Amino acid sequence: MTEAWHKTETDLDADEHAVDFWSRHREELQEGEFWADRIKKLRDAPEKRLALAIENLPLPASFREAAVATRALIRDKRKQKIEYEEELALLYWLAAVNSFSIPYSNVLKEPGYNVVESVPGKKLKGLPIFI
Numbered sequence: 004m005t006e007a008w009h010k011t012e013t014d015l016d017a018d019e020h021a022v023d024f025w026s027r028h029r030e031e032l033q034e035g036e037f038w039a040d041r042i043k044k045l046r047d048a049p050e051k052r053l054a055l056a057i058e059n060l061p062l063p064a065s066f067r068e069a070a071v072a073t074r075a076l077i078r079d080k081r082k083q084k085i086e087y088e089e090e091l092a093l094l095y096w097l098a099a100v101n102s103f104s105i106p107y108s109n110v111l112k113e114p115g116y117n118v119v120e121s122v123p124g125k126k127l128k129g130l131p132i133f134i
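The opening position of the sequence shown corresponds to residue 4 in this note's numbering, with each subsequent residue numbered one higher.
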């Protein structure tokens with residue numbers, strides 16, 4: 004299994020990832036702690052928060068959590084007068100990819116993140132995104 008949706012390369016990879024992704028989430032719910040509960044505990048650890056959020060892309064809340072964590076990293080680097088160009092690029096990428104999603108697909112009768120999840124992440128990464 005590809006551990007992260009954004010690293011899937013083919014339609015088959017994306018399909019396999021979706022099956023594993025939702026199986027993992029069902030197991031976590033049965034154990035009593037969903038990723039959204041775990042991420043709340045990471046408010047003071049933006050690197051870990053970002054990693055957990057990216058692991059759960061393309062869920063809508065994961066884009067939001069990744070953006071919050073990235074902004075915290077930028078803020079920390081600005082305070083230390085350290086370059087944060089990579090974080091700005093990540094923030095832009097998160098916003099751009101999130102903008103490809105629709106709230107709901109009337110044709111498929113599914114939430115938009117299911118549609119985005121069916122597209123391999125590397126295909127979305129390969130789209131030209133201009134500033």
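Just so it is clear, CB atoms sit at the ideal spot from N, CA and C, and this is done for glycine as well. If you're wondering where the values come from, they're calculated on a predicted model, not measured in any experiment.
Less than 8 Å separating the beta-carbons of residue 124 and residue 9?
yes
Where does residue 12 fall in DSSP's three states?
coil
Measure the C-alpha to C-alpha separation of residue 49 and residue 62 and round it to an integer number of angstroms.
18 Å
Note the first and the last residue of the continuous alpha helix (DSSP H) segment covering residue 65.
63 to 82
Does the contact criterion of 3 or more C-beta pairs under 8 Å hold for the segment 107 to 123 versus the segment 72 to 83?
Cβ pair count under 8 Å is below three, so no.
Is the beta carbon of residue 41 closer than 8 Å to that of residue 55?
yes
Taking DSSP as the reference, what is the three-state secondary structure of residue 88?
helix
Which term fits residue 32, buried or exposed, when burial requires 16 or more other beta carbons within 10 angstroms of its beta carbon?
The residue is exposed, with fewer than 16 neighbouring Cβ atoms inside 10 Å.
Quick one: what's got a C-beta closer than 8 Å to residue 94's C-beta in the same chain, skipping five residues either side?
70, 73, 74, 77
How would you write the range of the alpha helix (DSSP H) that residue 40 sits in, first residue to last?
38 to 43
Give the DSSP-derived three-state secondary structure of residue 102 in the structure shown.
helix
Could you name the residues of the same chain whose beta carbon sits closer than 6 Å to that of residue 65, not counting the 5 residues immediately before and after it, in chain order?
56, 59
Among residues of its own chain, excluding the 5 on either side of residue 90, which ones have a beta-carbon nearer than 8 Å to its beta-carbon?
73, 76, 77, 80
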